[in-house]
Amino acid sequence: MDSAARASLAGFVSTSVLTSSDGLFGDNVEEKRVTEAPAPRPEDTAGYKPLYEQLQGRKEQKDSEWKEKNNPFAPPKGLDEEEFEYIQDLESKREDVERKRQAQHEEDLAQFCKEFEWSSCYCVC
3 MDSAARASLA GFVSTSVLTS SDGLFGDNVE EKRVTEAPAP RPEDTAGYKP LYEQLQGRKE
63 QKDSEWKEKN NPFAPPKGLD EEEFEYIQDL ESKREDVERK RQAQHEEDLA QFCKEFEWSS
123 CYCVC
């Protein structure tokens, strides 16, 4: 039995099977009584917390981390440089598309006015 198993069984009296004459566990079994418990280790007693307290501490830590990350009342985080550049790039592309669409519209309208030779066309030709 190793020392960790003995530490968990402090004060427990058990019987262990050492050998058997026929190789199986039969009638002729030599037994040894285990009665001495190892002395408690000082590092175990100093930092010992019950399992419930350990689990409760971990749960509280996870809850506080989750609340910190997902707090609905926290102020919104600011944009970092990469996000800011991405939004500016999107806006400039949108403006370019709108300018091209407007230029195409004016060009089509001017072409229409020329084809029908409308002098009173309300477009700027």
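All letters in the sequence shown, in the order written, are residues 3 to 127 by our numbering. Beta carbons are placed, not taken as given, at the ideal position from N, Cα and C, and that holds for glycine.
In whole angstroms, what separates the C-alpha of residue 98 from that of residue 81? 24 Å
Roughly how many angstroms separate the alpha carbons of residue 101 and residue 71, rounded to a whole number? 42 Å
Euclidean distance between Cα positions of residue 96 and residue 79: 25 Å
Mapping the DSSP letters down to three states, classify residue 119 as helix, strand or coil. coil
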